[in-house]
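Asker: If you read the protein sequences in the order shown, they are chains A and B. In this text, residue positions in the first sequence follow the numbering used here: the first is 17, and each later residue adds one. In this text, residue positions in the second sequence follow the numbering used here: the first is 13, and each later residue adds one. The beta carbon of each residue, even a glycine, is placed where N, CA and C say it ideally should be. Fair warning: this is a prediction, and the values are worked out from it, not measured in the lab. One structure follows; several queries about it will come next.
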Amino acid sequence: KNQVEQSPQSLIILEGKNCTLQCNYTVSPFSNLRWYKQDTGRGPVSLTIMTFSENTKSNGRYTATLDADTKQSSLHITASQLSDSASYICVVRLASGGSYIPTFGRGTSLIVHP
Amino acid sequence: EAGVAQSPRYKIIEKRQSVAFWCNPISGHATLYWYQQILGQGPKLLIQFQNNGVVDDSQLPKDRFSAERLKGVDSTLKIQPAKLEDSAVYLCASSLYSVETQYFGPGTRLLVL
Numbered sequence: 017k018n019q020v021e022q023s024p025q026s027l028i029i030l031e032g033k034n035c036t037l038q039c040n041y042t043v044s045p046f047s048n049l050r051w052y053k054q055d056t057g058r059g060p061v062s063l064t065i066m067t068f069s070e071n072t073k074s075n076g077r078y079t080a081t082l083d084a085d086t087k088q089s090s091l092h093i094t095a096s097q098l099s100d101s102a103s104y105i106c107v108v109r110l111a112s113g114g115s116y117i118p119t120f121g122r123g124t125s126l127i128v129h130p
Numbered sequence: 013e014a015g016v017a018q019s020p021r022y023k024i025i026e027k028r029q030s031v032a033f034w035c036n037p038i039s040g041h042a043t044l045y046w047y048q049q050i051l052g053q054g055p056k057l058l059i060q061f062q063n064n065g066v067v068d069d070s071q072l073p074k075d076r077f078s079a080e081r082l083k084g085v086d087s088t089l090k091i092q093p094a095k096l097e098d099s100a101v102y103l104c105a106s107s108l109y110s111v112e113t114q115y116f117g118p119g120t121r122l123l124v125l
């Protein structure tokens with residue numbers, strides 16, 4: 017069964033600190049992996065996308081890594097800000113018959129305290 | 013560029029009633045998705061359209077949920093009859109093609125009493 021598991025389920029950090037979120041997946045055949053940020057009451061917004069051959073991708077203070085061999089990804093947030101408080105969702109796309117079907121993780125809820 | 017539009021934004025109904033949600037994707041986007049997001053969980057894909065054809069609806073409870081995308085543009089999602097456990101946010105998203113970035117609408121918050 018294609019699954020995406022995220023950890024931790026929730027995380028509380030102080031403003032200015034760094035943090036790392038984890039994503040493990042069993043989706044196969046793998047097409048790409050994205051990290052989304054979802055603010056409360058809003059739809060998810062894409063942060064990064066990584067394909068099979070990419071190991072690292074950065075978007076400002078967000079850096080995603082991918083190990084396709086172990087089927088693990090991480091999202092590292094540097095120098096956290098209050099606006100980083102949100103849910104971070106890992107999404108892995110399954111390649112199926114010419115189409116690409118997304119499988120979502122349950123998300124990590126991040127709270128940044130002043 | 014206009015984003016994904018959804019309506020209504022909020023809906024409160026009693027169990028066993030019917031409800032319909034509407035989604036207008038970004039112009040030119042061939043792929044349209046409907047998701048159900050229960051509080052505290054990630055979105056669950058209900059149905060994925062490529063133009064007006066269904067790519068995946070394996071997680072759609074077909075005894076009560078239905079969706080259509082006539083003419084390959086707008087889409088409607090219907091629940092008939094609604095159950096208490098259908099209370100959730102229903103998100104619509106679209107992408108240029110199925111491998112591309114998804115752009116999400118603001119969602120419709122459904123409360124079933």
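#1: Which residue spans inside the region 74 to 100 of chain A form an unbroken beta strand (DSSP E) run of at least 3?
#2: Is residue 100 of chain A buried or exposed, if buried means 16 or more other CB atoms sit within 10 Å of its CB?
#3: Mapping the DSSP letters down to three states, classify residue 82 of chain B as helix, strand or coil.
#4: Looking only at its chain, what residues have a beta carbon closer than 6 Å to the beta carbon of residue 94 of chain A, apart from the 5 residues adjacent to it on each side?
#5: Residues of chain B with CB under 8 Å from residue 127 of chain A, in chain order?
#6: Identify, in the order they occur along the chain, each residue of the same chain with its Cβ nearer than 6 Å to the Cβ of residue 64 of chain B, setting aside the five sequence neighbours on each side.
#7: In chain order, what residues of the same chain have a beta carbon less than 7 Å from the beta carbon of residue 24 of chain A, not counting five sequence neighbours either side?
#8: Here's the rule I'm using: 16 or more other beta-carbon atoms within 10 Å means buried, otherwise exposed. How should residue 70 of chain B be labelled?
#9: From the beta carbon of residue 118 of chain A, is the nearest beta carbon of chain B less than 8 Å away?
#10: Going residue by residue through the region 38 to 75 of chain B, where are the continuous alpha helix (DSSP H) segments of at least 4 residues, counting only ones entirely within it?
Answerer: Taking the geometry as given:
#1: Within the region 74 to 100 of chain A, the runs of beta strand (DSSP E) at least 3 residues long that lie entirely inside it are, in chain order, 78 to 83 and 88 to 93.
#2: Buried, since its Cβ has 16 or more Cβ neighbours within 10 Å.
#3: It is helical.
#4: Leaving aside the five residues that flank residue 94 of chain A on each side, the residues in its chain whose CB is nearer than 6 Å to its CB run, in chain order, 34 and 77.
#5: Chain B residues near residue 127 of chain A: none, gap ~14 Å exceeds 8 Å.
#6: Excluding its 5 nearest sequence neighbours in each direction, residue 64 of chain B has C-beta neighbours in its own chain below 6 Å: 81 and 84, listed in chain order.
#7: These residues qualify, in order along the chain: 124.
#8: Sixteen is the threshold: since fewer than 16 other Cβ atoms of the shown chains lie within 10 Å of the Cβ of residue 70 of chain B, the residue is exposed.
#9: Judged by the 8 Å Cβ criterion, residue 118 of chain A is in contact with chain B.
#10: If we require 4 residues or more, the region 38 to 75 of chain B turns out to have no alpha helix (DSSP H) run fully inside it.
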